Amino acid sequence: MDARVEPFPEPAAADRRPSRAEAEEAVRTLLRWTGDDPTREGLRDTPRRVVDSYRELFAGYDQDAAEILGRTFEEVSGYDDIVLVKDIPFFSHCEHHMVPIIGKAHVAYLPDERVLGLSKIARVVEIFARRLQTQEALTAQITDAIDETLGPRGVAVMIEAEHLCMSMRGVRKQGSLTTTSRFTGAFKDHAQNQAHFFALLRGRDAA
Ligand SMILES: Nc1nc2c(ncn2[C@@H]2O[C@H](COP(=O)(O)OP(=O)(O)OP(=O)(O)O)[C@@H](O)[C@H]2O)c(=O)[nH]1
Ligand SMILES: [Zn+2]
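Right, here's the structure in full:
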């Protein structure tokens, strides 16, 4: 296993999870921490809603990228050029502040013998985005999951995102975008493949 990154973190074991009642109580504690009153009518159902929201926003902990990416197709046409799915929107949450990260992922690979269903590329972005993340880890996990499961000639991933922990709070710089990228195989070794990837990305503004 590649030591740089754990591509398929084990989903949190059910027995290590607090109960729903404990989770709702934690939300009540945070409501009191804000200075509000969790017993007032408007907030009475809020712990339940927050816990339900967390289930959805962090659903990625219960999903396995290898399973999604395991469903591949043999490429019989001889197509061997770049496959790029760009502008995949995602919402994630930063692991430092648990505040949203809003961004777009651009994911490309150079097929070898097998290709992926295109929706699976967007699904793998979702799986890793719906966990607490840094942008660097999100980029690495998407790249390495595709690389290790599909075995293509190369993978290229670029992510552009705004971190609301830098906009709403802290340094308060609205609109600043962070870009991260990761390349494997033929994208890493051959500058012209990287250049092709970047040229196709620039093309998104031309339409
Ligand atoms: N490298 C990296 N840093 C991130 C990411 N998301 C948030 N951060 C940063 O994580 C850092 C946490 O810094 P700390 O000094 O521990 O926390 P803090 O006191 O809340 O920092 P400020 O945000 O500067 O107020 C901040 O600089 C954030 O901007 C990310 O995806 N990648
Ligand atoms: Zn943050």
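Under our numbering, the first residue of the sequence shown is numbered 149, with each subsequent residue one higher. Backbone N, C-alpha and C define an ideal beta-carbon position, used for all residues, glycine too. Remember, predicted model here, so these are calculated numbers, not experimental data.
I'd like the span of the beta strand (DSSP E) that includes residue i, first residue to last.
| i | result |
| --- | --- |
| Pro248 | Pro248 to Leu258 |
| Arg262 | Arg262 to Leu264 |
| Pro186 | Note, Pro186: premise wrong, no beta strand (DSSP E); not H, not E. |
Can you pull the DSSP bridge partners for residue i?
| i | result |
| --- | --- |
| Ser136 | A query on residue 136 cannot be resolved here, the shown segment of the chain reaching from 149 to 355 and no further. |
| Leu179 | Partner(s): none; Leu179 has no beta bridge. |
| Val231 | Tyr257 |
| Leu280 | His241 |
| His311 | Ile249 |
To the nearest whole angstrom, what separates the beta carbons of residue i and residue j, a pair I think is in contact under 8 angstroms?
| i | j | result |
| --- | --- | --- |
| Ala293 | Ala214 | 7 angstroms |
| Ile230 | Ala253 | At roughly 16 angstroms, the Cβ-Cβ gap does not stay under 8 angstroms, so Ile230 and Ala253 are not in contact. |
| Tyr227 | Pro259 | 7 angstroms |
Assign residue i to one of three DSSP states: helix, strand, or coil.
| i | result |
| --- | --- |
| His344 | helix |
| Phe221 | strand |
| Ile236 | strand |
| Val319 | coil |
| Asp210 | helix |
| Ser267 | helix |
For the alpha helix (DSSP H) containing residue i, list its first residue and its last residue.
| i | result |
| --- | --- |
| Asp292 | Gln283 to Leu298 |
| Ser201 | Thr194 to Leu205 |
Quick check on the burial criterion: 16 or more other C-beta atoms within 10 angstroms. Buried or exposed for residue i?
| i | result |
| --- | --- |
| His311 | buried |
| Met149 | Low confidence applies here, because Met149 scores a pLDDT of 41, under 50, leaving its location unreliable and the question unanswered by this model. |
| Glu261 | exposed |
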